Amino acid sequence: MCIRDSPENALVDPEDADEEVLRGVSFSAEPGDTVALVGPTGAGKSTLLKLLLRLYDVTDGAIRVDGHDVRDVTVESLRSSVGYVAQDTTLFDGTIAENIRYGRFTRIDEAGGDGLDEDAIRERVVKAAKAAEAHEFIDSLPNGYETRIGERGVKLSGGQRQRLAIARVVLQDPAILILDEATSAVDTETEMLIQRSLDRLAADRTTFVIAHRLSTVTDADTALVLEDGEVVERGTHDELLAADGLYAKLWGVQAGEIDELPEEFVERARERHVDRAVERATAESEVDSETID
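Position 274 of the sequence shown, counting from 1, maps to 276 under our numbering, and the rest follow consecutively.
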């Protein structure tokens, strides 16, 4: 996929038509590539991926998947090609098997859905659970895959819920994978299991990873560093450390090498906010003048 057709790619805030929340974002990613989106809170990481899912549309430029502008395909078709694993997993009060197969085999017609009977579907569900490092804990439960998990999966641990979400995406078999803080709410041992399953899942797919913990994206093919709605740095982990910019400073803070971001980065963000506020005020003044005229 690519977001590169215009240097002016932008999204205007739906709540404020004068406020651009993303500006000049341009990049491309091939099948098998992993792109990390990093930066301070509010930098625009999640917004960028919402554009891919068409929760919003760009107001300038385009997002293309396999050469097709996402605005020219149906939302259903687009989202069926995207797998999403978030920090907060959406599960329902059903069995483990029902939760895993949700979205792919939600309803089974007389032909068995996708031409598969229930035994074949169960086989795929189990295979997906194994790929997600979930089969072992499921098999240890008294009712196995028929165990009811309660509303939002309350009867399971956070790590178990995450592994069910990953199994669901394995079964979906999407071309594009989005990992949104997928391992941020689990312990270290569980994180290792989940990360191993995510590495397998990401193979041969275009993968986007949002992570505040930079240690989880050091192997990404490319990291885009966003700050205040703009890509301010890009490169591999090693390249960005060598550049000694925002990424390197964020890494230093997380690694305990420095206590906080240097004042220059804080001041730079403050200046951009002031400049944008002045631009908005100027634009509003011009509109008011035209109205009076």
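C-beta atoms are modelled at their ideal positions from N, C-alpha and C, and glycine is treated no differently.
Nothing here was measured: the structure is a model prediction, and the numbers come from that model.
Contact the stretch 235-251 vs the stretch 68-86: 3+ CB pairs below 8 Å: no
Would you mind sorting threonine 199 into buried or exposed? The rule is 16 or more other CB atoms within 10 Å of its CB. Residue 199 sits at position 197 when you count from the first residue of the sequence shown. Looking at the sequence itself, residue 199 is serine, so the reference to threonine does not match. Its Cβ being crowded by 16 or more others within 10 Å, serine 199 is buried.
Own chain partners of threonine 149 with C-beta closer than 7 Å, once the 5 adjacent residues on each side are dropped: For this step, residue 149 is matched to residue 147 along the sequence shown. Cβ neighbours of threonine 149 beyond the five flanking positions: Thr97, Ile98 and Leu143.
Out of Tyr249, Leu248, Asp246 and Thr91, which one is the CA nearest neighbour of valine 156? The residue given as residue 156 occupies position 154 in the sequence shown. Selected option, being the one with the closest Cα: Thr91.
Considering Cα atoms alone, identify which of Ile140, Asp182, Leu179 and Leu173 is closest to glutamine 162. For the purposes of this step, residue 162 is identified with residue 160 of the sequence shown, where counting begins at 1. Glutamine 162 has its Cα closest to that of Ile140, out of Ile140, Asp182, Leu179 and Leu173.
Going by CA-CA distance only, name the one from Leu57, Tyr249 and Asp95 that's closest to valine 84. Your numbering for residue 84 matches position 82 in the sequence shown. The option with the nearest alpha carbon to valine 84 is Leu57.
Spatial neighbours of serine 217 in its chain, beta-carbon cut-off 8 Å, leaving aside the 5 residues before and after: Working through the sequence shown from its first residue, we reach residue 217 at position 215. Only Gln256 meet the Cβ criterion.
Kindly indicate which residue of Gly231, His137, Val233 and Thr224 has the alpha-carbon position closest to the one of glutamate 32. On the sequence shown, residue 32 is found 30 positions in, with the first residue counted as 1. Ranking the options by Cα distance to glutamate 32, first place goes to Thr224.
Got a sec? Which residues, its chain only, sit under 7 Å from glycine 46 by beta carbon, not counting five neighbours each side? On the sequence shown, residue 46 is found 44 positions in, with the first residue counted as 1. Cβ neighbours of glycine 46 beyond the five flanking positions: Val23, Leu24, Leu228 and Gly231.
Name the DSSP bridge partner or partners of valine 40? Numbered from its first residue, the sequence shown carries residue 40 at position 38. Per DSSP, Val227.
Is the Cβ-Cβ distance between isoleucine 168 and leucine 203 less than 8 Å? In the sequence shown, residue 168 corresponds to position 166, counting from 1. In the sequence shown, residue 203 corresponds to position 201, counting from 1. For isoleucine 168 and leucine 203, yes; Cβs fall inside 8 Å.
Could you pull the DSSP bridge partners for tyrosine 86 from this structure? What you label residue 86 is simply residue 84 of the sequence shown in a count that begins at 1. Looking at the DSSP assignment, tyrosine 86 forms a beta bridge with Ile180.
Just to check my reading of the structure: arginine 165 and glutamate 135 have Cβ atoms closer than 8 Å, yes? What is that Cβ distance to the nearest angstrom? Taking the first residue of the sequence shown as 1, we reach residue 165 at position 163. Taking the first residue of the sequence shown as 1, we reach residue 135 at position 133. At roughly 6 Å, the Cβ-Cβ gap stays under 8 Å, so arginine 165 and glutamate 135 are in contact.
Straight-line CA distance for aspartate 95 to leucine 158? Walking along the sequence shown from the start, residue 95 turns up at place 93. Walking along the sequence shown from the start, residue 158 turns up at place 156. When rounded, the distance between both Cα atoms is 12 Å.
Taking the straight line between their C-alpha atoms, what separation do you get for threonine 108 and leucine 252? Translated into the one-based positions of the sequence shown, residue 108 becomes position 106. Translated into the one-based positions of the sequence shown, residue 252 becomes position 250. With a pLDDT of only 44 at threonine 108, under 50, the local geometry of the prediction cannot be trusted, and no value is derived from it.
Looking at the secondary structure, which residues open and close the alpha helix (DSSP H) in which isoleucine 102 lies? Residue mapping note: residue 102 aligns to position 100 of the sequence shown, counting from 1. Taken as a continuous stretch (DSSP letters only), the alpha helix (DSSP H) holding isoleucine 102 covers 98-103.
Once you ignore the five residues that flank alanine 213 on each side, which residues in its own chain have a CB closer than 7 Å to its CB? Along the sequence shown, read from residue 1 onward, the residue named residue 213 stands at position 211. Result list for alanine 213: Ala38, Val40, Glu183 and Val219, in chain order.
With H, G and I counted as helix, E and B as strand and the rest as coil, what does DSSP make of arginine 124? For the purposes of this step, residue 124 is taken as the residue at position 122 of the sequence shown. Three-state result, arginine 124: helix.
From this set, Asp35, Val233 and Leu54, which residue's C-alpha is nearest threonine 76's C-alpha? Numbered from 1 along the sequence shown, position 74 holds the residue referred to as residue 76. Nearest of Asp35, Val233 and Leu54 to threonine 76, Cα basis: Leu54.
Just to confirm my understanding: we take arginine 154, look at its own chain, exclude 5 residues before and 5 after, and list those with CB closer than 7 Å. What are they? Working through the sequence shown from its first residue, we reach residue 154 at position 152. Result list for arginine 154: Leu93, in chain order.
For serine 48, which of Leu226, Asp246, Gln197 and Ala133 has the nearest alpha-carbon? Stepping through the sequence shown from its first residue, residue 48 is reached at position 46. Among Leu226, Asp246, Gln197 and Ala133, the Cα nearest to that of serine 48 is on Leu226.
Grouping DSSP H, G and I as helix and E and B as strand, with all else coil, what is aspartate 341? With the chain covering only 3 through 295, there is no way to say anything about residue 341.
Cα separation between alanine 130 and valine 87? Reading the sequence shown from its first residue, position 128 is the one you call residue 130. Reading the sequence shown from its first residue, position 85 is the one you call residue 87. The straight-line gap from Cα to Cα measures roughly 15 Å.
Quick one: Cα of glycine 26 to Cα of glycine 34, how far? Here residue 26 refers to the residue found at position 24 of the sequence shown. Here residue 34 refers to the residue found at position 32 of the sequence shown. So the two alpha carbons sit approximately 25 Å from each other.
Can you tell me which of the three DSSP states phenylalanine 94 falls into? Your numbering for residue 94 matches position 92 in the sequence shown. Three-state result, phenylalanine 94: coil.
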